[in-house]
Ligand SMILES: Cc1ncc(COP(=O)(O)O)c(C=O)c1O
Ligand SMILES: Cc1ncc(COP(=O)(O)O)c(C=O)c1O
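Residue numbers (full-length UniProt numbering), protein chains in the order written: chain L, 1 to 355; chain H, 1 to 355.
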């Protein structure tokens, strides 16, 4: 149990208007959770304080050597006023996997959950209720030693900030266009692709900018070794429905094990749909497209939940999926998952955690 | 030409003692250079101010998505009191290559050089003169948009800090032991391995910790695709002298194009030694070791200049190079390069730039 110290803001900000559709990740609530780490003391001084700038020495290791991790999950307000988190333990488990991979000290799971709950409770009034909106929770850890030289830091800050958000893609649930990258690589087996750390995102920027310029909203990565097996999208895992089966790349160490990915797989299995987690050659997708057996393509991620894919572009081939319309399962998964998140659907798999 | 605003410190720190051997990267001088970027204004507000903390919003992109770059070079004080930079234009060129790769706006080369010169001049008194010491210069850029979501930032800070340093490896010019990594991968073709950005260093931590625990000071990386071609060491490029020839991995997109590497190649060519930049299979090194034709192994980098390698460990094979002694060329290259840096040797290749 953390002994959390509270310092409430003396100058609360104005809440966004009730009917504000909200953008993604631009406004932040009144408070933040902070906890420090030092080798001798371990994690200590847990506190909830007014949202405020972080002050660091210019030599702080996070600015130079990228030792930083983050997570992303959401809180929802139900119609009867309860606050629900969606599978927070999956994020916490993944956070500690990231920590181990990049030499950041782990955070006890129960302390992590307590910190999330307490800061969400503190800023509960900020949870938006308009359909499609939620409170995005961003826990992150940064290395703070004032030291130049490559080694793990001895000091860290663990911080949780909160942002009321709307749709991640301006398209909302409308299908997005995806560019399959054949020049750049995001991550490779043996690397840190399965960790949620800045490194994987900075590596994606150039390709993403190129895709945007061509009118595509996201990039789909191929593996770094053979350059033909499908990995994942910029900020989502990817699913295909081929000839009645749900197919998704197997977790191979270079892609992020998405919480939404896992939820999609569980639900499809519940519904009796065959699900295959395996290597997928991009040529197989092209063939399925040509055969007419490529029935649906969609991405899964906390930010957009389910994002139908209307078009895939690979080299010179443009694959128009379902004439650009939303697939049956994309819609059903979106409705079911958001239904559970909002407490409207029965939570048969025990995914929500009340704050 | 930058119009630099000056704000001198009112509380100068105490200089390290003249005979202090100095560690690496732990103390910083009195001032720093800072310049901001905004889309509309471009790079602006160049200033030299007292060394001080940086204050950033907790949502600043650098903390989450790793959009950060850095460089490292050194200034030396000659016996007759001049201040010399070693090939700063190579670092500046590489900085802009990194910037392009990770979508950071470039900095005009002449402005970059002016900034380095001015801040070094401001803290000239901090340049140590004990043999083996120098003033390490760390330019870096961080993404500062207060925004959650993956895209290039619209705002940045370019900062230069200075640190009087001694040897990077506690061993000094004594040969180091190197662990050849066969499990983890640092970077892959198509990725960002040739950029000087935090991502490549965070990816190296776990392997480095493991190597340290086994008594090795650095890791030598193999390529991420075939897992057998030699890439580079944690913070150095690597050279082999095999049967009278100098051999080093060719710049293939996944290793850092070191300034010291280039200097070593130029000098060896000057001296009439055959130099080969090419793919090197680790099995070739093992064979040369067994044949007795592996004459020298050394690393090259700004921090340590030349670092003789006394032992290489690959899987179960321990290769003892030259019975752990310093090689002839390792010593000659170290003496020549540091001689030029300190203004003691004739600068035949026009490498030094006076401040
Ligand atoms: C690279 C990447 N893949 C996949 C995902 C989806 O993971 P999750 O469903 O846990 O949000 C995300 C984002 O969260 C991501 O950044
Ligand atoms: C990964 C890596 N390779 C090589 C080098 C050597 O480059 P340079 O000689 O420019 O210092 C460095 C360090 O600077 C480095 O970090």
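For glycine and all other residues, C-beta sits at the position ideal for the given N, C-alpha and C.
Within chain H, the residues that residue i reaches when beta carbons sit closer than 8 Å
i: residue 258 (chain L); result: Per Cβ cutoff of 8 Å: no residues; residue 258 (chain L) is ~15 Å from chain H at best.
i: residue 158 (chain L); result: In chain order: nothing, as chain H lies at least about 11 Å away.
Min CB distance residue i to chain L below 7 Å
i: residue 280 (chain H); result: no
i: residue 167 (chain H); result: no
i: residue 112 (chain H); result: no
i: residue 235 (chain H); result: yes
i: residue 202 (chain H); result: yes
i: residue 205 (chain H); result: yes
Other residues of its chain near residue i: CB distance less than 7 Å, five sequence neighbours each side excluded
i: residue 4 (chain L); result: 46, 47, 48, 118
i: residue 347 (chain H); result: 340
CB contact below 7 Å: residue i versus chain H
i: residue 199 (chain L); result: yes
i: residue 356 (chain L); result: Outside the shown range of chain L (1 to 355) lies residue 356 (chain L), about which nothing can therefore be said.
i: residue 161 (chain L); result: yes
i: residue 67 (chain L); result: yes
i: residue 261 (chain L); result: no
i: residue 358 (chain L); result: This structure leaves residue 358 (chain L) out entirely; chain L is present only between 1 and 355.
i: residue 70 (chain L); result: yes
i: residue 141 (chain L); result: no
Status (buried if at least 16 other CB within 10 Å, exposed otherwise) for residue i
i: residue 226 (chain L); result: exposed
i: residue 271 (chain L); result: exposed
i: residue 349 (chain H); result: exposed
i: residue 318 (chain L); result: exposed
i: residue 297 (chain H); result: buried
i: residue 292 (chain L); result: exposed
i: residue 300 (chain L); result: buried
i: residue 311 (chain H); result: buried
i: residue 218 (chain L); result: buried
i: residue 6 (chain H); result: exposed
i: residue 283 (chain L); result: exposed
i: residue 149 (chain H); result: buried
i: residue 40 (chain L); result: exposed
i: residue 123 (chain H); result: buried
i: residue 354 (chain L); result: exposed
i: residue 8 (chain L); result: exposed
Cross-chain neighbours of residue i in chain H, by beta carbon under 7 Å
i: residue 62 (chain L); result: 63
i: residue 190 (chain L); result: 183, 184, 185, 224
i: residue 5 (chain L); result: Per Cβ cutoff of 7 Å: no residues; residue 5 (chain L) is ~18 Å from chain H at best.
i: residue 138 (chain L); result: 148
Amino acids of chain H, ordered along the chain, whose beta-carbon sits closer than 9 Å to that of residue i
i: residue 132 (chain L); result: Per Cβ cutoff of 9 Å: no residues; residue 132 (chain L) is ~16 Å from chain H at best.
i: residue 208 (chain L); result: 103, 150, 151, 152
i: residue 33 (chain L); result: Simply none; closest approach about 10 Å.
i: residue 240 (chain L); result: The premise fails here: residue 240 (chain L) is roughly 23 Å from chain H at the closest Cβ pair, so nothing lies under 9 Å.
Proximal chain C residues relative to residue i, where beta-carbon distance stays under 7 Å
i: residue 57 (chain L); result: Absence of chain C from the displayed structure is noted, the protein chains being L and H.
Contact list for residue i against chain L, beta-carbon separation under 7 Å
i: residue 86 (chain H); result: Here the premise fails: no neighbours, minimum Cβ distance about 17 Å.
i: residue 301 (chain H); result: Result: empty, since nearest Cβ-Cβ is about 11 Å, beyond 7 Å.
i: residue 28 (chain H); result: 59
Interface residues of chain L facing residue i [CB-CB closer than 8 Å]
i: residue 24 (chain H); result: 148, 149
Beta-carbon contacts of residue i that lie in its chain and below 6 Å, excluding the five residues immediately before and after
i: residue 81 (chain H); result: none
i: residue 274 (chain H); result: 245
i: residue 28 (chain H); result: 51, 161, 163
Chain L contact residues for residue i, given Cβ-Cβ distances below 9 Å
i: residue 217 (chain H); result: Here the premise fails: no neighbours, minimum Cβ distance about 11 Å.
With a cut-off of 8 Å, do at least 3 Cβ pairs link the segment 187–205 of chain H to the segment 185–194 of chain L? yes
Three or more beta-carbon pairs under 8 Å between the segment 194–206 of chain L and the segment 239–246 of chain L, yes or no? no
With three or more C-beta pairs closer than 8 Å as the rule, is the segment 137–149 of chain H touching the segment 62–76 of chain H? yes
With three or more beta-carbon pairs closer than 8 Å as the criterion, would you say the segment 333–350 of chain H touches the segment 77–91 of chain H? yes
Between the segment 9–27 of chain H and the segment 104–118 of chain H, are three or more C-beta pairs nearer than 8 Å? no
Report yes or no: do the segment 35–42 of chain L and the segment 145–155 of chain L share at least 3 C-beta pairs separated by less than 8 Å? yes
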